[in-house]
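K.L.:
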Amino acid sequence: MSESYCKDSCCETVVEAVNEQNVPSVSTNLELRDVMGAIKVRCGIGRMNYKVEPGLYAVGKPNCDSLVLVSGNYKLTFDILRKNLVGMNCWLLILDTQGVNVWCAAGKKLFSTDELVNRIEITQLSKIVSHRKLILPQLGAPAIDAFQVSRRTGFSVTFGPVRANDIQLFVANGFEVTKEMRLVKFNFVDRLVLTPVELVNAVKKSLPIMGVLLATNQFAKRPFTKRDVAAYARVVLTGSVLTPLLLPYIPGKAFAWKGWLLGAGWTAFSLCKNKGFTKGSKVMSAGQMLLLPAVSSYLAMNFTGSSTYTSASGVEKEMRIALPLIIGAGSVGAALMLGSHLFGKGK
1 MSESYCKDSC CETVVEAVNE QNVPSVSTNL ELRDVMGAIK VRCGIGRMNY
51 KVEPGLYAVG KPNCDSLVLV SGNYKLTFDI LRKNLVGMNC WLLILDTQGV
101 NVWCAAGKKL FSTDELVNRI EITQLSKIVS HRKLILPQLG APAIDAFQVS
151 RRTGFSVTFG PVRANDIQLF VANGFEVTKE MRLVKFNFVD RLVLTPVELV
201 NAVKKSLPIM GVLLATNQFA KRPFTKRDVA AYARVVLTGS VLTPLLLPYI
251 PGKAFAWKGW LLGAGWTAFS LCKNKGFTKG SKVMSAGQML LLPAVSSYLA
301 MNFTGSSTYT SASGVEKEMR IALPLIIGAG SVGAALMLGS HLFGKGK
């Protein structure tokens, strides 16, 4: 049987399988709605339902010899992947990770061996490609048993680079991953794009606190002022934005400690500038020194879920130690501040 006949037969089989499954074709160009959707998700809006349907997708005009790239169905991940495939003809096998990015999905066992095997079977991938090779993102490696995938499906697994923008170079290098491609950098820009969602979540959590302040002002002897609100806003920014941005440069390892350190420094500076320790209420100043750094510490600790600097066991350990201290300091500080405002004492 000639090689050309085999090729034609293979292509016919691919066409039949693609038509049978109605495989959608996706563009490598992002539309305005994709960009706006990414901005909304970066700000924490609609994050839990920003996903695409799991299954098989075509990029360009793939055939039975084309690459198969595997990823999760978080739409932000999906869009970042496809926009870096300009000029390529390949298949995208998208797993059902419940709208969670690959790295987090691997930790939650959503991007898993069983889901990969299941998706290969559902899409009948073996009828669409003549080869038996899958390229998976490196950050999904902890949850994938390559031996089991090969045993159960016949497909071999190759882990590609960390970043989608290295895929084309990875392919051009003969599927060899360089040290640079394996490196998880998490630099200033990487941290910056994650801070909007941290800030929005912090603001949401702060709304009830603002409500308490407004309600308290109706009968407090010393009402809360714009200066008090500004002091609170500063530590919210410190914990949710400034600490993540300066993460590698702040002394210590624990995120909670880093957040507390910046929060305490900022609070002490503000009190000294406004002469809170000398001419103001000593009780209220003490309350601020306990409460405000605790708020910054708590918000900074929340960033452990977004950072590549942490591990699950490390986060659990930090929370066990830090949370009681944060709650204790925050409670005492809040009580002192409320007492000072309600009763006007502690001059």
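In my numbering, the protein residues as written are 1 to 347.
We put the beta carbon where it would ideally sit given N, CA and C, even for glycine.
Opposite K51 in the DSSP bridges: which residues?
P.N.:
Translated into positions along the sequence shown, residue 51 becomes position 51. Bridge partners of K51: Y74.
K.L.:
Since R119 and P54 are thought to touch, with beta carbons under 8 Å apart, how far apart are those beta carbons, to the nearest angstrom?
P.N.:
Taking the first residue of the sequence shown as 1, we reach residue 119 at position 119. Taking the first residue of the sequence shown as 1, we reach residue 54 at position 54. That belief holds up - the Cβ atoms of R119 and P54 are roughly 6 Å apart, short of 8 Å.
K.L.:
What do you reckon, are the CB atoms on G44 and V200 nearer than 7 Å?
P.N.:
In the sequence shown, counting from the first residue as 1, residue 44 sits at position 44. In the sequence shown, counting from the first residue as 1, residue 200 sits at position 200. Yes, they are a contact pair.
K.L.:
In the DSSP assignment, the beta strand (DSSP E) including L95 goes from what residue to what residue?
P.N.:
Translated into the one-based positions of the sequence shown, residue 95 becomes position 95. First-last of the beta strand (DSSP E) with L95: C90 to L95.
K.L.:
Less than 7 Å between the beta carbons of T243 and L262, yes or no?
P.N.:
The residue you call residue 243 lines up with position 243 of the sequence shown. The residue you call residue 262 lines up with position 262 of the sequence shown. Against a cut-off of 7 Å, the Cβ pair of L262 and T243 comes out as a contact.
K.L.:
Do you know offhand how far A231's Cα is from A329's?
P.N.:
Locating residue 231 in the sequence shown gives position 231, where the first residue counts as 1. Locating residue 329 in the sequence shown gives position 329, where the first residue counts as 1. Rounded to the nearest angstrom, the two C-alpha atoms are 17 Å apart.
K.L.:
So is E3 buried or exposed if we call it buried at 16+ other beta carbons inside 10 Å?
P.N.:
Along the sequence shown, read from residue 1 onward, the residue named residue 3 stands at position 3. Because E3 sits at a pLDDT of 43, beneath the cut-off of 50, its placement in the model cannot be relied upon, and the following sentence gives the value as read from the coordinates. E3 is exposed by the Cβ-count criterion.
K.L.:
Does G174 pass the burial test, meaning 16 or more other C-beta atoms within 10 Å, or should it be called exposed?
P.N.:
One-based indexing of the sequence shown puts residue 174 at position 174. Classification for G174: exposed.
K.L.:
Which one of K275, L342, W266 and T225 has the shortest CA to CA distance from V235?
P.N.:
In the sequence shown, residue 235 corresponds to position 235, counting from 1. When only C-alpha atoms are compared, the closest one is W266.
K.L.:
Under 8 Å, with one C-beta from each stretch per pair, do the region 66 to 77 and the region 86 to 101 reach the 3-pair mark?
P.N.:
Yes, since at least three Cβ pairs between the region 66 to 77 and the region 86 to 101 fall closer than 8 Å, the two stretches touch.
K.L.:
State the beta-bridge partners of L56 as determined by DSSP.
P.N.:
The count along the sequence shown starts at 1 and reaches residue 56 at position 56. L56 pairs with L93.
K.L.:
Is S150 near the ligand HEM, judged by its Cβ being under 6 Å from some heavy atom?
P.N.:
The ligand HEM is not part of this structure, which contains no ligands at all.
K.L.:
List in chain order: all unbroken alpha helix (DSSP H) runs of 4+ residues lying wholly within the region 75 to 152.
P.N.:
Qualifying alpha helix (DSSP H) stretches, in chain order: 75 to 83, 102 to 107, 113 to 123 and 125 to 128.
K.L.:
Closest to L116 by CA distance: which of R151, L299 and R82 is it?
P.N.:
Translated into the one-based positions of the sequence shown, residue 116 becomes position 116. Selected option, being the one with the closest Cα: R151.
K.L.:
Please classify K178: is it buried, with 16 or more other beta-carbons within 10 angstroms of its beta-carbon, or exposed?
P.N.:
Position 178 of the sequence shown holds residue 178. This sequence places Thr at residue 178; Lys is not what is there. That one is exposed.
K.L.:
As a quick exercise: from S281, A105 and G259, pick the residue whose alpha carbon is nearest that of F343.
P.N.:
Taking the first residue of the sequence shown as 1, we reach residue 343 at position 343. Here the closest residue by C-alpha is S281.
K.L.:
Under a Cβ-count criterion, where at least 16 other Cβ atoms within 10 Å of its own Cβ denotes burial, should P293 be classed as buried or exposed?
P.N.:
Stepping through the sequence shown from its first residue, residue 293 is reached at position 293. That one is buried.
K.L.:
Determine, using beta-carbon pairs with one atom in the region 178 to 197 and one in the region 28 to 45, whether at least three such pairs fall under 8 Å.
P.N.:
The answer is yes - the region 28 to 45 touches the region 178 to 197, with three or more Cβ pairs under 8 Å.
K.L.:
Just mark K221 as buried or exposed, buried being the case when its beta carbon has 16 or more other beta carbons within 10 Å.
P.N.:
Residue mapping note: residue 221 aligns to position 221 of the sequence shown, counting from 1. When all chains shown are included, K221 counts as exposed.
K.L.:
Buried or exposed: where does K258 fall if 16 or more other Cβ atoms within 10 Å of its Cβ makes it buried?
P.N.:
Taking the first residue of the sequence shown as 1, we reach residue 258 at position 258. K258 comes out buried.
K.L.:
In the DSSP assignment, what residue or residues form a beta bridge with V157?
P.N.:
Indexing the sequence shown from 1 puts residue 157 at position 157. Note: V157 sits in a beta bridge opposite L134.
K.L.:
Provide the residue(s) that pair with S25 in DSSP beta bridges, ordered along the chain.
P.N.:
Against the sequence shown, residue 25 aligns to sequence position 25. BP columns for S25 point to A58.
K.L.:
Given this structure, state the Cα-to-Cα distance separating S25 from A58, to the nearest angstrom.
P.N.:
Sequence index remark: in the sequence shown, residue 25 carries index 25 (1-based). Sequence index remark: in the sequence shown, residue 58 carries index 58 (1-based). Computed Cα separation, rounded: 5 Å.
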